[in-house]
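For the sequence shown, our numbering gives the first residue as 506, with consecutive numbering after it.
Virtual Cβ for every residue (Gly too), placed ideally from N, Cα, C.
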Amino acid sequence: MDHLIGVNQMRLICRRILRCRHTCALLTVVLTTCTAAQTITLRRAVELTLSHSGMTGMADPDQARAYAAYREARNGYLPRLVSGSGIGGSYGFPLSLENAAPSLFNVTSQQALFSPAQKSFVRSANSGYQSARWQGQDQRDGLIQDAVLTYVELNKWSQELDLLKTEVGNNQKMEAVEQERIQAGVDKPVELNKVKLASARVRMRAAEAQGSADVMRLHLAQLTGLPAEELGTDPNSIPSLPEFKQDEDLARKAVEVNPAVKAAEQQAIAKRFHAEAEYKSLLPSVDFAAQYALLANFNNYDVYIRNFQHHNASGGLVFRLPFFDPVQRARAAEAKAEAIRSTRQAEEAKQKVSLETLRLQRIVEQLAASVEVAQLQYDLAQSELEAAQVRVQTETGTLREEQDARSKVEQSYNALIDANLALDKARVELLRHTGELEQWALSGK
Numbered sequence: 506m507d508h509l510i511g512v513n514q515m516r517l518i519c520r521r522i523l524r525c526r527h528t529c530a531l532l533t534v535v536l537t538t539c540t541a542a543q544t545i546t547l548r549r550a551v552e553l554t555l556s557h558s559g560m561t562g563m564a565d566p567d568q569a570r571a572y573a574a575y576r577e578a579r580n581g582y583l584p585r586l587v588s589g590s591g592i593g594g595s596y597g598f599p600l601s602l603e604n605a606a607p608s609l610f611n612v613t614s615q616q617a618l619f620s621p622a623q624k625s626f627v628r629s630a631n632s633g634y635q636s637a638r639w640q641g642q643d644q645r646d647g648l649i650q651d652a653v654l655t656y657v658e659l660n661k662w663s664q665e666l667d668l669l670k671t672e673v674g675n676n677q678k679m680e681a682v683e684q685e686r687i688q689a690g691v692d693k694p695v696e697l698n699k700v701k702l703a704s705a706r707v708r709m710r711a712a713e714a715q716g717s718a719d720v721m722r723l724h725l726a727q728l729t730g731l732p733a734e735e736l737g738t739d740p741n742s743i744p745s746l747p748e749f750k751q752d753e754d755l756a757r758k759a760v761e762v763n764p765a766v767k768a769a770e771q772q773a774i775a776k777r778f779h780a781e782a783e784y785k786s787l788l789p790s791v792d793f794a795a796q797y798a799l800l801a802n803f804n805n806y807d808v809y810i811r812n813f814q815h816h817n818a819s820g821g822l823v824f825r826l827p828f829f830d831p832v833q834r835a836r837a838a839e840a841k842a843e844a845i846r847s848t849r850q851a852e853e854a855k856q857k858v859s860l861e862t863l864r865l866q867r868i869v870e871q872l873a874a875s876v877e878v879a880q881l882q883y884d885l886a887q888s889e890l891e892a893a894q895v896r897v898q899t900e901t902g903t904l905r906e907e908q909d910a911r912s913k914v915e916q917s918y919n920a921l922i923d924a925n926l927a928l929d930k931a932r933v934e935l936l937r938h939t940g941e942l943e944q945w946a947l948s949g950k
């Protein structure tokens, strides 16, 4: 009779623990709602990441440098005006000072009128600028991917941490219950060690979740420029990730729109135009040049020049015909070899993106299957737990059975969370390869 009373008391305590667990879960939801003012949405996190990094338009230094190089080449057709003076005395005939006649004031002008090489140099610089723009887009997508994955993982660990804290409290209560059962002579001391082992596993998982959440929160703070202690996630702000059909040719689509491939293609075009320009430098060219100079008497011009005057000007066309320039020919051959290498690198970039996209597409299918398996295992464990609870309530089961079933539920739930996170990461990476990541990330509220 005493043994039966002890068992009934233990079951009553367990029912109170279950009610306490539901209360704790409710409090967790309330506290989460109260701290919603400290959360940011996924879209806001991405926007802050882009603005904080400076990856917006011409703020990218590489893109600004490439655009300046393009302007430099294009402005070669505009006149270049230089003014100055070469003041100095002369002894005898007035010799030149730095390839210019001594003068009180002078102005020189020069511009290209006909230059096949300059035209190709302009095209090369323009393609280089386009390559820099695509590289900037690829870096932008990389930042968005980093922000999205950090946000999603922080959200995952934060949600799991709340549940684990509740589980830690429940396991502590179960240890107290088991201690009372041992003292009452109902269970053996080894059962307490089993309960402690289950509690230790939960605490280990909680420590992992806390550490990972802290790291992700700090990284998100570094990306967005916000204080880490004020960062929280909003699960409802994460848009649903699209489903990818396995029969869809995503590899071809990725090659057509991937910024890294576009950058490599434009770089190859730039190298080809540069090689073409180096060869065209061996062709004739025509420039227009003009000069004005105000000359002084103390340079002895009036002594050696019969009709000397102070104001002098010259202007005309300058023809160049390189007929023997081995240095330029070697430079052109070097540029051609560089263009060939750049073309091969562009082809390798296409193959790499195509292969990686197909690999991700198949990995998504595998991870989706693993999520389905994990979900079924969790549902099965949940059903076994409910059955164990019914047996305890009808006095046909033991608390040990319920504790084992609860441990299986916790383990299967953790496996389900990990599988979903791995699937989400693969889908996000696949979105980046197909050029749809930014549109998806900014589609949330």
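Rounded straight-line distance, which links the Cα of residue j to that of residue i
i	j	result
Leu654	Gly589	59 Å
Cys539	Gly674	Because the pLDDT at Cys539 is just 37, under 50, the model does not fix this residue reliably, and the value given afterwards should be weighed accordingly. So the two alpha carbons sit approximately 22 Å from each other.
Val535	Gly641	The predicted position of Val535 is uncertain, since its pLDDT is 35 and thus under 50; no value can be drawn from it.
Trp945	Ser912	37 Å
Leu936	Glu672	36 Å
Ala759	Ser556	26 Å
Ala541	Asn698	Below a pLDDT of 50, predicted positions are generally treated as unreliable, and Ala541, at 41, falls in that range; no measurement from the model is reported.
Ile774	Arg836	18 Å
Tyr596	Tyr806	11 Å
Met709	Lys701	12 Å
Pro831	Arg570	31 Å
Ser558	Asp651	12 Å
Arg825	Ser790	5 Å
Leu865	Arg645	20 Å
Leu860	Ala617	47 Å
Gly690	Leu725	53 Å
Bounding residues of the beta strand (DSSP E) (the contiguous stretch that carries residue i)
i	result
Ala795	790-799
Start and end residues, alpha helix (DSSP H) containing residue i
i	result
His557	547-558
Ile649	621-688
Ile743	Here Ile743 belongs to no alpha helix (DSSP H), and DSSP marks it neither H nor E.
Phe803	That residue, Phe803, is in no alpha helix (DSSP H); it is neither H nor E in DSSP.
Glu696	694-729
Phe778	764-785
Coarse secondary structure for residue i, derived from DSSP in three states
i	result
Phe813	coil
Ser819	strand
Leu618	strand
Thr901	coil
Thr544	coil
Cys529	Annotation note: pLDDT 41 at Cys529 (below 50); position unreliable, coordinate value reported separately. In the structure shown, Cys529 sits in a helix (DSSP, three-state: H, G or I).
Tyr572	helix
Tyr883	helix
Lys855	helix
Glu843	helix
Lys758	helix
Asn977	Nothing in the structure corresponds to residue 977, since the chain is present only between 506 and 950.
Thr538	Note on Thr538: pLDDT 38, under 50, position unreliable in the model; the coordinate value appears next. In the structure shown, Thr538 sits in a helix (DSSP, three-state: H, G or I).
Ser948	coil
Gln751	coil
Ala605	coil
Thr848	helix
Thr862	helix
Tyr918	helix
Asp565	coil
Gly940	coil
Residue i - partner residues in DSSP beta bridges
i	result
Val612	Ser588, Tyr797
Arg825	Ser790
Thr738	Ile545
Pair within 8 Å by beta-carbon distance, residue i and residue j
i	j	result
Leu666	Ala714	yes
Glu907	Gln916	no
Leu942	Val876	no
Arg777	Ala844	yes
Gly821	Ala794	yes
Ala711	Leu669	yes
Arg834	Leu863	no
Gly594	Phe803	yes
Val869	His938	no
Leu547	Tyr656	yes
Pro599	Ala605	no
Pro764	Asp565	no
Gln882	Ala920	yes
Ile743	Asn660	yes
Leu731	Leu553	yes
Ala854	Val762	no
Arg628	Gln568	no
Glu783	Ala818	no
Ala718	Asn676	no
Ala924	Ala879	yes
Residue i CB to nearest heavy atom of the ligand GTP below 7 Å
i	result
Gln898	Of the ligands one can find in the structure shown there are none, so the ligand GTP has no counterpart to examine.
Test: residue i CB closer than 8 Å to a CB of chain B
i	result
Ala844	Looking at the structure shown, chain B is missing, and only one protein chain is on hand.
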